[in-house]
Structures are given as structure tokens and as C-alpha cells.
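Student:
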Amino acid sequence: MKKFVLIPDSFKGTMSSSRICEIMEENIRPYYPDAEIVKIPVADGGEGSVDAFLTAVGGKKVTVSVKGPYFEDVEGFYGILNDGTAVIEMAACAGLPMVGDNKHPDKTTTYGVGQLIAHAAKNGCKKIVVGLGGSATNDCGAGAAAAIGIKFLDENGESFVPTGGTLSRVKKIDCSGRLSEIGEAEIVTMCDIDNPLYGTSGAAYVFAPQKGANEEMVKFLDSQLMQFAGTIQSQLGLDVAQIPGAGAAGGMGAGMVAFFSSRLQMGIETVLDTVGFDKVASDADFILSGEGKIDFQSLRGKVVIGVARRAQKLGVPLIAVVGDIGDGVQGAYDMGVSAIFSINRVAKAFREVQSRSESDLGLTIDNLMRFLSRLSV
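The sequence shown begins at 56 in the numbering used here and counts up by one.
1) With a threshold of 7 Å (Cβ to nearest heavy atom), would I380 be considered close to the ligand FMN?
2) Between the C-alpha atoms of P251 and G167, what's the straight-line distance to the nearest angstrom?
3) Return helix, strand or coil for G101, following the three-state DSSP convention.
4) Roughly how many angstroms lie between the CA atoms of D382 and D415, to the nearest whole one?
5) For T118, which of F108, T163, T140 and L171 has the nearest alpha-carbon?
6) So for Y260, helix, strand or coil by DSSP?
7) Let me check understanding here. Comparing Cα to Cα, which of E210, M245, T218 and K206 lies closest to D229?
8) Would you kindly report the start and end of the unbroken beta strand (DSSP E) that includes R318?
9) V384: which of K177, P96 and I349 sits nearest, CA to CA?
10) Provide the residue(s) that pair with S214 in DSSP beta bridges, ordered along the chain.
11) Can you give me the C-alpha to C-alpha distance between A303 and V60, rounded to a whole angstrom?
12) Using a 10 Å radius around the Cβ and a threshold of 16 neighbouring Cβ atoms, would you call D161 buried or exposed?
13) Pop quiz: V330 and A111 are said to be a contact at Cβ under 8 Å. What is the actual Cβ separation, rounded to whole angstroms?
14) Taking the CB atoms as reference points, tell me whether M70 and E413 lie closer together than 8 Å.
15) Across which residues does DSSP place N389 in a beta bridge pair?
16) Any chance the stretch 121-134 sits against the stretch 146-164, with 3 or more Cβ pairs inside 8 Å?
17) Cα separation between G179 and S317?
18) Between which residues of its own chain and S337 is the CB-CB distance below 8 Å, once the five residues before and five after are set aside?
19) Give, in chain order, every unbroken run of the beta strand (DSSP E) that is at least 3 residues long and sits entirely within the stretch 284-340.
20) Terminal residues of the continuous alpha helix (DSSP H) containing I83?
21) Taking the DSSP output, what are the residues bridged to I349?
22) Excluding the 5 residues preceding and the 5 following G306 in the sequence, name in chain order all residues of the same chain whose CB lies nearer than 6 Å to its CB.
23) D64 by DSSP, collapsed to three states: which one?
24) So what does D128 bridge to, in DSSP terms?
25) Return helix, strand or coil for T164, following the three-state DSSP convention.
26) Excluding sequence positions up to five away, which residues of its chain have a Cβ less than 6 Å from the Cβ of K182?
27) Can you name, in chain order, every residue of its own chain whose Cβ lies under 6 Å from the Cβ of S50, other than the five neighbours on each side?
28) Report back the beta-carbon spacing between T163 and A191 to the nearest angstrom; my notes put them in contact at under 8 Å.
29) Tell me where the alpha helix (DSSP H) around V236 begins and ends.
30) Along the chain, where does the alpha helix (DSSP H) containing T419 start, and where does it finish?
31) I'd like the list of long-range same chain contacts for Q409, defined as Cβ closer than 7 Å, with 5 residues on each side in sequence excluded.
32) Nearest by alpha-carbon distance to V105: which of A201, Q367, A90 and E144 is it?
33) Would you mind working out which of I395, G391, R364 and Y388 sits nearest D379, comparing C-alpha positions?
34) Looking at C-alpha atoms only, which residue of I62, M79, S72 and G361 is the closest neighbour of L418?
35) Which one or two residues does DSSP pair with D247 in a beta bridge?
36) In three-state DSSP terms, what is G356?
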């Protein structure tokens with residue numbers, strides 16, 4: 056009996072990773088009806104991450120009343136996997152879609168994210184995975200920190216919850232009231248970018264424009280982050296400004312390190328560790344992965360390469376099925392990729408073939424299975 060492990064990333068704007076897994080399985084079954092097929096849909100930490108983890112390993116979704124981007128009451132959620140690990144996506148209560156056209160990154164908060172983390176910790180979760188992505192915020196995680204009991208005091212000694220536009224008002228950080236359960240949990244933050252906290256490659260300049268900031272506001276938000284980084288360093292003795300990934304999600308990467316004692320880890324590595332990939336895939340015959348486009352940037356450690364490195368150590372062949380193949384991918388073969396196939400069967404531009412992506416994926420997997428089944432005759 057053959058064993059296939061399916062672990063694709065989504066094809067952005069076209070197919071979710073869960074849907075890709077379904078199509079792959081549908082087209083494997085006619086050739087290997089008795090095969091063991093393990094589906095591990097991958098999410099990048101943004102919207103859909105909780106569902107992807109629950110689909111991959113099982114568990115339950117917990118709903119909690121928390122604060123949204125503008126401190127309004129919203130119904131947030133997180134997942135508890137079968138092993139007790141909590142998975143939180145910040146997009147559940149601080150996501151950009153939640154603000155619609157009311158985009159003001161100087162006023163939005165991550166307070167609800169902290170409430171979700173606190174709820175998971177108080178409910179006995181000893182490992183908490185936090186996905187960064189799709190945020191409407193630029194508060195460096197200060198809102199989330201306030202939700203777990205950290206106090207931010209202004210020059211008059213008054214406590215307040217900072218937002219992206221008021222970070223410079225913080226003169227003292229009091230961590231004495233931090234929720235004790237936070238220190239008892241291992242907190243891992245999924246972060247796939249390496250941007251610093253501030254500067255032209257930082258949170259404000261790179262990500263704030265999509266959250267509604269004009270050029271003037273970008274400069275203002277950047278200065279706020281710079282001053283806040285100085286306050287963190289002077290008050291907590293931590294230099295978070297240049298940590299790779301500090302600028303993720305409006306500086307939430309830095310905040311997770313400073314206030315939650317979290318480590319930042321590539322999303323795919325977090326996924327692989329959380330689902331026990333090495334054990335699951337050790338006896339597989341084939342691993343099928345994929346992403347919308349594989350190119351030289353993929354070699355830095357995106358999904359396909361992250362999985363391929365593990366597959367190589369296990370001695371299991373990995374086949375990458377992708378939307379498009381760019382230049383400079385030869386190095387992928389040295390990293391554990393056995394073969395790369397594009398689903399673009401008619402060699403046309405993406406906008407012309409997007410509508411047929413699902414059927415083209417199915418036909419590509421069917422073609423691949425035809426070949427593999429002949430080899431095993």
C-alpha cells in the first residue's frame with residue numbers, strides 16, 4: 056500500500072491549501088484506491104491558519120468575546136489541537152478585513168490578540184502558536200501586552216493602552232502584573248518575513264500603506280516605533296529593533312519577543328514541528344507539496360523548500376506541483392525537491408488561466424499518477 060503526504064501552500068488568489076489537498080486526493084485515488092493519504096494544508100499565519108491546523112491534526116475551535124481593531128466587542132476564536140497546543144491567528148481579531156474602508160493604523164489595536172493568548176494560557180495550553188499576518192495594526196504588540204497585564208505609563212504616571220499613534224507617550228513599562236500563565240507556556244510566533252522594526256524596510260514603510268497610511272502617516276508611525284523601541288530597550292533591556300521579523304504585522308514580531316518571551320520562527324518550520332511531520336512522513340512513498348509560484352525567492356525557505364529539506368533528511372522523494380515556475384530554481388533540487396511540475400498546461404498568462412486552475416491541477420496530478428502507477432507495475 057502506497058502512502059502519500061500532501062502538504063501544499065495555497066495558490067494565492069486561486070485555491071486554498073485545503074482545496075488543493077482535496078483535488079490532489081481526488082486524482083490519486085483512481086490509481087491508488089487503497090493508499091494512505093495524509094493531508095496537511097499549510098497556512099502562513101494569517102487568515103485560515105487555525106482551520107488549516109485543525110484540518111491537519113484535529114482538535115477544536117474555541118470562541119471568545121474579545122476586542123476588535125477599534126476596541127469594539129467581537130467574537131474571536133482560536134484552535135486547540137489534540138495535543139493541547141493552542142493556535143492563534145491575529146487576523147481573527149485584528150485583521151485588515153475587519154476594518155473595511157475605515158483604515159487608521161495609528162488607532163487600531165492588537166488588544167484582542169492578547170486576550171486570545173491569555174485565554175489559551177489560562178485554559179492550560181502549555182504551547183501557544185501565534186500566526187502573524189493580515190493585520191490592520193501598527194502598535195508593536197502593545198495592545199496585546201496590555202491585555203495580559205503589562206502596564207504602559209505616560210509622563211504623568213497614567214496607565215493607557217498604546218496604539219500605533221501613541222507609542223511615543225510611553226515612558227514606563229511595568230511588567231509586574233503580567234499574567235503568570237504566560238511565563239509557563241512556550242509561545243512560538245509564525246513569522247515569514249525578516250523586516251526590522253523601523254526604517255525604510257520596517258513595519259511602517261513596508262506594510263502601513265496597505266493599512267491606510269499615507270506618506271506623512273508612514274513617517275509618523277515609523278518615528279513612533281523608533282521611540283518605542285528605545286523605551287523597550289531602556290525599560291526592559293531588550294534591543295528588538297533589528298531582530299529579523301520584528302517589523303511583521305505592524306511590529307507585532309517585536310512585541311511578541313519583548314512582552315511574551317516568544318521566539319520568532321519560519322511558518323513552515325512551525326507547521327512541520329506542530330503536526331509532527333518527521334514522524335508522519337518517515338514511511339511515506341511520496342510527498343506532494345506546492346505553491347503558487349516557485350522561483351529564486353522560494354529558495355529562502357518558503358513552504359516547498361522547507362518541506363523539501365525535511366524530506367531530504369527522511370529520504371522521501373518530494374514532488375512540487377506549482378502554478379508557475381520562475382528562473383533560478385535549480386538550487387531546489389539540491390535542497391530535496393525531486394521534480395517540479397507546473398499546472399499551467401496551456402502556457403498562458405495567469406489572468407487567462409486562473410479560472411481553470413482547479414481543473415488544471417487535477418489534470419496535472421492525474422498525469423503524474425498515470426506515470427507513477429506505470430513505474431510500479
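For each residue, glycine too, the CB sits at the ideal point set by N, CA and C.
Tutor: Straight from the coordinates:
1) The ligand FMN is not among the ligands present in this structure, which contains no ligands whatsoever.
2) Translated into positions along the sequence shown, residue 251 becomes position 196. Translated into positions along the sequence shown, residue 167 becomes position 112. Cα to Cα, P251 sits roughly 24 Å from G167.
3) One-based indexing of the sequence shown puts residue 101 at position 46. Three-state DSSP puts G101 in coil, outside helix and strand.
4) By 1-based counting over the sequence shown, the position of residue 382 is 327. By 1-based counting over the sequence shown, the position of residue 415 is 360. Cα-Cα distance, rounded: 22 Å.
5) Sequence index remark: in the sequence shown, residue 118 carries index 63 (1-based). The shortest Cα separation from T118 among F108, T163, T140 and L171 belongs to L171.
6) In the sequence shown, the residue the question calls residue 260 occupies position 205. In the structure shown, Y260 sits in a helix (DSSP, three-state: H, G or I).
7) Reading the sequence shown from its first residue, position 174 is the one you call residue 229. If we check each option's Cα against that of D229, K206 comes out closest.
8) Position 263 of the sequence shown holds residue 318. Unbroken beta strand (DSSP E) run through R318: R318 to Q320.
9) The sequence position of residue 384 within the sequence shown is 329, counting from 1. Nearest C-alpha to V384: I349.
10) As a working note, residue 214 is residue 159 in the sequence shown. According to DSSP, S214 bridges with L208.
11) The sequence position of residue 303 within the sequence shown is 248, counting from 1. The sequence position of residue 60 within the sequence shown is 5, counting from 1. Going by the C-alpha atoms only, they are around 30 Å apart.
12) As a first step, residue 161 must be located in the sequence shown, where it is residue number 106. The Cβ neighbour count for D161, taken over all protein chains shown within 10 Å, is at least 16; the residue is labelled buried.
13) On the sequence shown, position 275 is the one that residue 330 refers to. On the sequence shown, position 56 is the one that residue 111 refers to. About 5 Å separates the two Cβ atoms, so the contact holds.
14) In the sequence shown, the residue the question calls residue 70 occupies position 15. In the sequence shown, the residue the question calls residue 413 occupies position 358. Yes, they are a contact pair.
15) Position 334 of the sequence shown holds residue 389. Asn is not the amino acid found at residue 389; the sequence shown has Asp there. Looking at the DSSP assignment, D389 forms no beta bridge with any residue, so it has no partner.
16) yes
17) Locating residue 179 in the sequence shown gives position 124, counting from the first residue. Locating residue 317 in the sequence shown gives position 262, counting from the first residue. Going from the Cα of G179 to the Cα of S317 covers about 17 Å.
18) In the sequence shown, counting from the first residue as 1, residue 337 sits at position 282. Excluding sequence neighbours, S337 sits near L369 and V371.
19) 318-320
20) The count along the sequence shown starts at 1 and reaches residue 83 at position 28. Its alpha helix (DSSP H) spans residues S72 to I83.
21) Start at 1 with the first residue of the sequence shown, and residue 349 comes out as number 294. The partner list for I349 (beta bridge, DSSP) reads I380.
22) As a position in the sequence shown, residue 306 is number 251, starting the count at 1. Cβ within range, chain order: C195, L252, A258 and L280.
23) Counting from one through the sequence shown, the residue named residue 64 turns up at place 9. DSSP places D64 outside both helix and strand once states are collapsed to three, so it counts as coil.
24) The residue you call residue 128 lines up with position 73 of the sequence shown. The partner list for D128 (beta bridge, DSSP) reads K122.
25) Against the sequence shown, residue 164 aligns to sequence position 109. Coil, per DSSP.
26) The residue given as residue 182 occupies position 127 in the sequence shown. Excluding residues within five positions, the ones whose Cβ falls inside 6 Å are T140 and E241.
27) In this structure the chain extends from 56 to 432, so residue 50 is not present and cannot be described.
28) In the sequence shown, the residue the question calls residue 163 occupies position 108. In the sequence shown, the residue the question calls residue 191 occupies position 136. So it is a contact: roughly 5 Å between Cβ atoms.
29) By 1-based counting over the sequence shown, the position of residue 236 is 181. Position check: residue 236 holds Glu in this sequence, whereas Val was assumed. Counted as a single uninterrupted DSSP element, the alpha helix (DSSP H) harbouring E236 occupies residues S235 to G238.
30) By 1-based counting over the sequence shown, the position of residue 419 is 364. T419 -> alpha helix (DSSP H) spans S412 to L430.
31) Your numbering for residue 409 matches position 354 in the sequence shown. Once the five neighbours on either side are set aside, the close Cβ partners of Q409 are T69.
32) Position 50 of the sequence shown, counting from 1, holds the residue named residue 105. Here the closest residue by C-alpha is E144.
33) As a working mapping, residue 379 is identified with position 324 in the sequence shown. Nearest C-alpha to D379: I395.
34) Looking up residue 418 in the sequence shown gives position 363. Nearest of I62, M79, S72 and G361 to L418, Cα basis: M79.
35) Here residue 247 is taken as the residue at index 192 of the sequence shown, counted from 1. BP columns for D247 are empty, so no partner.
36) Here residue 356 refers to the residue found at position 301 when the sequence shown is read from its first residue. Here G356 sits in coil by DSSP.
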